[in-house]
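To start, the structure itself, in structure tokens.
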Amino acid sequence: MVNPLLQPAAFSRCESVTPARIEEHGFESTTISDIMKAKGKGADGSWLWCTTDDTVYDAVKSMTQNNVGALVVVKPGEEKSIAGIITERDYLRKIIVQGRSSKSTKVGDIMTEENKLITVTPDTRVLRAMELMTDNRIRHIPVINDTGMIGMVSIGDVVRAVVSEHRQELDRLNAFIQGGY
């Protein structure tokens, strides 16, 4: 399912960023906005979601079918109101390990609630996002702006952007050393 813009509540995929954009910014200055632009469709205000009333089974099935590790969770009938996020880790820790049934458990019972979400803005530097994700041991982070949620980035998106940025810096340094700068 694709969701319209969501309003953020309380807040504390999968191409690399294009080299031309990184060169324009310079080393270690790539932003989440750059990643969102490179992702294309995933950055157009649409993303995968489920509701708090959906079963965990249906949410995990959607993640599997779309090859993603997390879904935004919204309140039923309030698609502009973010309720939280459900991840593969939530499924493993709160369903499998506890011996619960994914077909009878609601997403709202196991999701990470919106008051515990860690988010970034489009202006957040990629290295800052990486630091937040690493320090908090999370692999998916919602991207919000003044009007609401605009997408989500994964640790893979962030790592690809950093690697691309470093590759471009190495190319610039090699060109400089060889006198072709």
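For the sequence shown, my numbering begins at 362 and goes up steadily by one.
We treat Cβ as the ideally placed atom computed from N, Cα and C, and that holds for glycine.
In this text the structure is predicted, and so the values were computed from the model without any measurement.
Three-state secondary structure assigned by DSSP to residue i
| i | result |
| --- | --- |
| R374 | Per-residue confidence for R374 stands at a pLDDT of 31, beneath the threshold of 50, marking its modelled position as unreliable; no derived number is given. |
| N535 | helix |
| M472 | coil |
| K400 | helix |
| I511 | strand |
| R486 | strand |
| V429 | coil |
| I502 | strand |
| T495 | helix |
| K467 | strand |
| P369 | With a pLDDT of only 38 at P369, under the threshold of 50, the placement of this residue in the model should not be trusted; the figure read from the coordinates follows. In this structure, P369 counts as coil in the three-state DSSP scheme. |
| V481 | strand |
Short Cβ contact (7 Å threshold) for residue i with residue j
| i | j | result |
| --- | --- | --- |
| V434 | L409 | no |
| N506 | T482 | yes |
| G517 | M397 | no |
| T425 | K464 | no |
| A399 | H501 | no |
Check: residue i C-beta below 6 Å from any heavy atom of the ligand MG
| i | result |
| --- | --- |
| M424 | Questions concerning the ligand MG fall outside what the structure shown contains, since it holds no ligand whatsoever. |
Member of the options whose CA lies at the smallest distance from the CA of residue i
| i | options | result |
| --- | --- | --- |
| K436 | T480, G469, G460 | G469 |
| M494 | M510, V520, E474, E475 | V520 |
| I443 | Q529, R489, V504, V514 | V504 |
Unbroken alpha helix (DSSP H) run spanning residue i, endpoints
| i | result |
| --- | --- |
| E413 | Strictly speaking, residue 413 in this sequence is Thr, with Glu absent from that position. Unbroken run through T413: none, as it is neither H nor E. |
Complete runs of the beta strand (DSSP E) confined to the region 432–456 [at least 3 residues]: 439–448
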